[in-house]
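Reviewing the structure listed below.
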Amino acid sequence: MFDPTVFDNLKVAFENQLYDLDNLSGTIRITGRIDRLEMSTMSREFALQFALTDQDTVKAEIRLAASLKDLAAEILEAPGETPGCTLLLRFLLPVKDIAKECAMIEDLLLRIWKPDLPPVQTISFVYGGKHENYMNTVELQFNRQINEDQMRDIPELIEYMLLTLTELSETFGKDAP
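My numbering numbers the first residue of the sequence shown as 22 and each following residue consecutively.
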């Protein structure tokens, strides 16, 4: 019989919460999904991307990853190892004034999340095109892995994501700077 890993259990918990917000309450709309087993490294990756129902300019993404080492430590019950996954949160939004708007985004994320690690913002654009807008991928990383001990924290984490998504959408949504 298959015994689910920490990765599988967390993946299902995130799916349940987010699909309920999509299908039952209509708060969000799922816009993308990744569920990957990387055969070359024997690692797992899962991501759900979503936006608020009433807008699609700003998106959020929850990304879980487990390396071969993480999975092997759990399956082989390696002594002294605590099985876990890497959690990464992303927010994707267009910006025009990079210096001004990225500073505003950083301030907003620091205020809401009070993270141990600073947010990382990566700006991209299509070469050869007009550069009225740039795509900003904002990442919140955590300085430790998560496991089933944090399962009760998932609803609160999603609430913080929705709060962040709402504030980013109000500031950087369709008619924003």
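Where a beta carbon is used, it is the ideal one built from N, C-alpha and C, also for glycine.
Per DSSP, leucine 184 has no beta bridge partner at all. It is roughly 18 angstroms from the alpha-carbon of alanine 68 to the alpha-carbon of glutamine 171. For valine 147, the secondary structure class from DSSP, reduced to helix, strand or coil, is coil. If you ignore the 5 residues before and after glutamate 188, its C-beta comes within less than 8 angstroms of the C-beta of Leu129 and Ile133, all in its own chain and listed in chain order. For the pair aspartate 43 and isoleucine 55, the CB atoms are not nearer than the 8 angstroms cut-off. Three or more beta-carbon pairs separated by less than 8 angstroms link the region 99-118 to the region 151-166, which places the two stretches in contact.
In chain order, Gln162 and Asn164 place their CB closer than 6 angstroms to the CB of leucine 138, counting only its own chain and leaving out the 5 sequence neighbours on each side. Around the Cβ of threonine 185, a 10 Å sphere holds 16 or more other Cβ atoms; the residue is buried. If you draw a 10 Å sphere on the C-beta of aspartate 91, you find 16 or more other C-beta atoms in it, and that means buried. The three-state secondary structure of leucine 131, taken from DSSP, is helix.
By the Cβ test, the region 116-123 is not in contact with the region 92-101, since fewer than three Cβ pairs between them sit closer than 8 angstroms. Residue environment analysis places arginine 111 among the buried positions, since at least 16 neighbouring C-beta atoms fall within 10 angstroms of its C-beta. Cβ neighbours of methionine 182 within its own chain (closer than 8 angstroms, five residues either side excluded): Ala81, Ile83 and Leu110. When C-alpha distances from asparagine 154 are compared across Pro140, Ile179, Thr74 and Phe193, the shortest belongs to Phe193. Counting of Cβ neighbours within 10 angstroms places lysine 32 among the buried residues, the total reaching 16 or more.
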